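Asks: Dropping a structure here in structure tokens format, bear with me for questions.
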Ligand SMILES: Cc1cc2nc3c(=O)[nH]c(=O)nc-3n(C[C@H](O)[C@H](O)[C@H](O)COP(=O)(O)OP(=O)(O)OC[C@H]3O[C@@H](n4cnc5c(N)ncnc54)[C@H](O)[C@@H]3O)c2cc1C
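Residue numbers (my numbering): 257 to 692.
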């Protein structure tokens, strides 16, 4: 069987290599470390956790826990390494990052994965090929990726606004409407009185912000301006910007509110809403505190919080299938954060599926994707959804899953169904290629 070349030995690339060799295939990982390091990587070994040492919660009450459980069903290397090197952190799966990275490297070497170090500067001819060079893809290789996917289809920064679960928005206060009535009731609008706006503005101005890392200088000029930077220009700036009330009438008062925050639907199912224009660098605890001062969002649950950071990712909805193949060259697969999934576990899950599919393509089998009711399947569909405009990276969250059960135990029903469907998919679709 043909060997699969994987560019980038991070979380996605390492997991992909492991899945390939576990199924009986051969994999070669091309990794630029230790000859060359990105501004955030330091260790010479593979699968380096560049910031936090946590792979988030293991509880099945939340999406991170369910995603990890799906990965366990596929015998994930990243989960195995995390369990072998875990440090005490309650329900969180936290690890000793050096031991974790060494474990992954030794495991792959022990299974015969060839690791060739040095920066890759051009797309190799060999197929199948997996590109998993991550959010800090080297500049020279990023240029090659741009040539492959199109110059306007590789982004270097992301500026994401928080996303709220719709069922946590108080619709007694918020109302559905579009500005000037154009476009139907597409937006959820949160109306402010003058006093509510003053309180919100003060909290926003005084909140703690995350400091940009050295290599992130100049970020605001590249993409949209953070909401708190806009607020620094004076109390009226937001009223002429993302919080402008023009063209909106509150049906409860019959008047135009003093200010309005708009939320736009984020997913096909309508369970997630994005706070329009609220890209931010406030710390996560401050975002929850300040954004819950928005009328209607007092009890908001956040599926994703806002961020602004260096992140190379492709415009996957225009480029990839849900099996992570490049549509125009289906023997090239992309995996990890570069596809627009966000987070350590999400990147590894994406690598897992890319590895499974690269092996299948090398074996003359059709590629697969888990059903949309599973978190892996839902994430892959989110990033490859052709209908998606203004694509922004996404982490695993329950709002990506179709609804299940009654409101009070919806998350539990979604989790139960995700795991049961993933197990069935795994046993039925992967049995032959795993030689079970
Ligand atoms: C600064 C920063 C902090 C982050 N913090 C967190 C966090 O705390 N929690 C979280 O869940 N997520 C975090 N993320 C997001 C993301 O989860 C991680 O970046 C994750 O490591 C992505 O996995 P990956 O496999 O896609 O990329 P990576 O793990 O970065 O792996 C990519 C690999 O490709 C190599 N590479 C790059 N270019 C080339 C080339 N030309 N030739 C050969 N090799 C190359 C790199 O050296 C690297 O080893 C962070 C991202 C960044 C940038």
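For glycine and all other residues, C-beta sits at the position ideal for the given N, C-alpha and C. Source: prediction; values computed, not measured.
Assign residue 352 to one of three DSSP states: helix, strand, or coil.
Replies: Taking the first residue of the chain shown as position 1, residue 352 is located at position 96. Here residue 352 sits in coil by DSSP.
Asks: Is the stretch 520 to 533 in contact with the stretch 376 to 386, if contact means three or more CB pairs nearer than 8 Å?
Replies: Flag = no, the stretch 520 to 533 and the stretch 376 to 386 do not touch.
Asks: Per DSSP, what are the beta-bridge partners of residue 287 in this structure?
Replies: To locate residue 287, count along the chain shown from 1; it is residue 31. Partner(s): 373.
Asks: Nearer than 7 Å: is that true of the beta carbon of residue 580 relative to any heavy atom of ligand 1?
Replies: Against the chain shown, residue 580 aligns to sequence position 324. No, the beta carbon of residue 580 sits no closer than 7 Å to any heavy atom of ligand 1.
Asks: Identify every residue that forms a DSSP beta bridge with residue 521.
Replies: By 1-based counting over the chain shown, the position of residue 521 is 265. According to DSSP, residue 521 bridges with 529.
Asks: In this structure, does DSSP put residue 431 in helix, strand or coil?
Replies: As a first step, residue 431 must be located in the chain shown, where it is residue number 175. Correct three-state label for residue 431: strand.
Asks: For the stretch 561 to 578 against the stretch 413 to 424, do three or more pairs of beta-carbon atoms, one drawn from each stretch, fall closer than 8 Å, so that the two count as touching?
Replies: At 8 Å Cβ cutoff, the stretches touch.
Asks: Between which two residues does the beta strand (DSSP E) carrying residue 569 extend?
Replies: For the purposes of this step, residue 569 is identified with residue 313 of the chain shown, where counting begins at 1. Start and end: 563 to 570.
Asks: Short check: CB of residue 394 to CB of residue 288, under 8 Å?
Replies: On the chain shown, residue 394 is found 138 positions in, with the first residue counted as 1. On the chain shown, residue 288 is found 32 positions in, with the first residue counted as 1. It is a contact, given that the beta carbons lie within the stated cut-off.
Asks: Taking DSSP as the reference, what is the three-state secondary structure of residue 672?
Replies: Here residue 672 corresponds to residue number 416 of the chain shown, with the count starting at 1. Three-state result, residue 672: helix.
Asks: I'd like to confirm the pairing. Which residues does DSSP put opposite residue 465 in its beta bridges?
Replies: As a working mapping, residue 465 is identified with position 209 in the chain shown. In DSSP, residue 465 forms a bridge with 538.
Asks: Using a Cβ-Cβ cut-off of 8 Å (strictly less than) and excluding sequence neighbours within five positions of residue 363, which residues of its own chain qualify?
Replies: Counting from 1 along the chain shown, the entry for residue 363 is found at position 107. Counting only Cβ-Cβ distances below 8 Å, and skipping sequence neighbours, we find 274, 333, 336, 337.
Asks: Between which two residues does the alpha helix (DSSP H) holding residue 258 run?
Replies: Locating residue 258 in the chain shown gives position 2, counting from the first residue. Run containing residue 258: none; DSSP gives neither H nor E here.
Asks: Since residue 375 and residue 291 are thought to touch, with beta carbons under 8 Å apart, how far apart are those beta carbons, to the nearest angstrom?
Replies: Within the chain shown, the letter at position 119 stands for residue 375. Within the chain shown, the letter at position 35 stands for residue 291. So it is a contact: roughly 7 Å between Cβ atoms.
Asks: Excluding the five sequence neighbours on either side, which residues of its own chain have a C-beta within less than 7 Å of the C-beta of residue 495, listed in chain order?
Replies: Walking along the chain shown from the start, residue 495 turns up at place 239. Here the set comprises 515.
Asks: Could you tell me whether any non-hydrogen atom of ligand 1 is closer than 7 Å to the CB of residue 413?
Replies: Residue numbering aside, residue 413 sits at position 157 when the chain shown is read from its first letter. Not under cutoff, so the answer is no.
Asks: Please work out which residues of its chain come closer than 6 Å, Cβ to Cβ, to residue 624, disregarding the five sequence neighbours upstream and downstream, and give them in chain order.
Replies: Taking the first residue of the chain shown as 1, we reach residue 624 at position 368. Result list for residue 624: 685, in chain order.
Asks: Mind checking which residues open and close the beta strand (DSSP E) that includes residue 415?
Replies: As a first step, residue 415 must be located in the chain shown, where it is residue number 159. First-last of the beta strand (DSSP E) with residue 415: 410 to 416.
Asks: In whole angstroms, what separates the C-alpha of residue 444 from that of residue 638?
Replies: Within the chain shown, the letter at position 188 stands for residue 444. Within the chain shown, the letter at position 382 stands for residue 638. Roughly 22 Å between the two C-alpha positions.
Asks: List the residues that DSSP assigns as beta-bridge partners of residue 506.
Replies: For the purposes of this step, residue 506 is identified with residue 250 of the chain shown, where counting begins at 1. Bridge partners of residue 506: 511.
Asks: Can you pull the DSSP bridge partners for residue 342?
Replies: Residue 342 sits at position 86 when you count from the first residue of the chain shown. In the DSSP output, where bridge partners are listed per residue, residue 342 has 351.
Asks: May I ask you to list the residues that DSSP assigns as paired with residue 310?
Replies: Within the chain shown, numbered from 1, the residue matching residue 310 stands at position 54. Its beta-bridge partners are 350.
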